[in-house]
Amino acid sequence: MNHTPMEIHPVVIIGAGPAGLAAAIQLRRQGIDPVVLEKKQVGGLLLNANLVENYPGFVKGIPGPDLVKLFKGQAERLGVTILMEEVHSAHYEGDNFRIVTNLREIHAQILVAATGTTPKQLPDTLAGNEVQNLIHYEVYPLRNEKDKEFVIIGAGDAAFDYALNLSKRNKITILNRSSKVKALTLLVERVQKKSGIGYHSETPVSGIYLNDVEKVVVAAETKGLAFECDLVLAAIGREPDYGFAGKSIIERMENLLKDRDLFLIGDLQNGTFRQTTIAVADGIRSALLIAQILEKG
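In this note's numbering, the protein residues as written are 3 to 299.
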């Protein structure tokens, strides 16, 4: 009985955000053909960015989605393989990785995790099932909405950036549970200049429900306020996405990183420093190290 030999790719990258794409682009330049796996859309968190102003080379800044198009086009020109597949789990077996997607199993000598972050969810006690589909945690699926009323929960960079993103064609209300604003002063000043954006401090949300006319109501009992809207956008923080890692990786994580079999790059391991420039640098650096490893055999 003949057995087809198992194909082991030199590198598999999970995630096609700035870090994953930068790593893939550099690897292709070094003559290495990585496989990139992406479950949703190429671009990652950069798709949410209203305007990227600290990426060198763009004097007036550039909208996040436009920068994603440039990254994607560059990757395609260099022949980077991007498979739109969701990784269910990854395991370290023998001397290689086995990555299980929704469509197949892929094996790799080196695994690069550029899985980024996932948004923190509102407590289940705040909202019933009838409004769950009207609560969002990313802004990019909402870019084409117009003439809607949004309530944005949060007071960090993301909340204010999302407000600016949506305010061109919609009415926005930002609710901050405390008096402290965590967003960049630049973003706060821009929000203050927008007539279509309202802001309320010390307004913690106590409940979200539908009223009799099927509008969403965001209640703040301590203030005796209730905000009627069409959609809610929660920007209350993000957490590293280690959902890909099976038990065999979690248990060996420290050694896998030390031996440079596994690379964690981008927002996954950069804490609150979620910057495109940092993610890209992570990707390039990891690719250069991987090229050295593969060259040595």
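Note that beta-carbon positions come from the ideal geometry of N, C-alpha and C, so glycine has one too.
Fair warning: this is a prediction, and the values are worked out from it, not measured in the lab.
Buried or exposed by the 16-neighbour rule on C-beta atoms within 10 Å, applied to glutamate 87: buried
Selection from Ala77, Leu85, Ala236, Leu39 that minimises the alpha carbon distance to isoleucine 137: Ala236
Start and end residues, alpha helix (DSSP H) containing valine 282: 278-298
Just to confirm, is the Cβ distance from valine 14 to leucine 113 under 7 Å? yes
Near serine 250, what residues of its chain come up, given a Cβ to Cβ distance below 6 Å and the 5 sequence neighbours on each side ignored? His93, Tyr94
With distances taken Cα to Cα, identify the nearest neighbour of isoleucine 176 among Cys231, Glu147, Val44. Cys231
Cutting at 6 Å between CB atoms, please list the residues of its own chain near alanine 51, excluding the five before and the five after it. Gly66
What three-state label does DSSP hand threonine 6 in the structure shown? The pLDDT assigned to threonine 6 is 48, lower than 50, so where the model puts this residue is not dependable, and the model offers no usable value.
How is the beta strand (DSSP E) around threonine 83 delimited, first residue to last? 83-85
Uninterrupted beta strand (DSSP E) stretches inside the region 166-223 (no shorter than 3 residues): 173-177, 199-202, 209-212, 218-222
Cβ shell of isoleucine 27 (< 7 Å), same chain only, five flanking positions each side left out: Gln76, Ala77, Leu80, Val82
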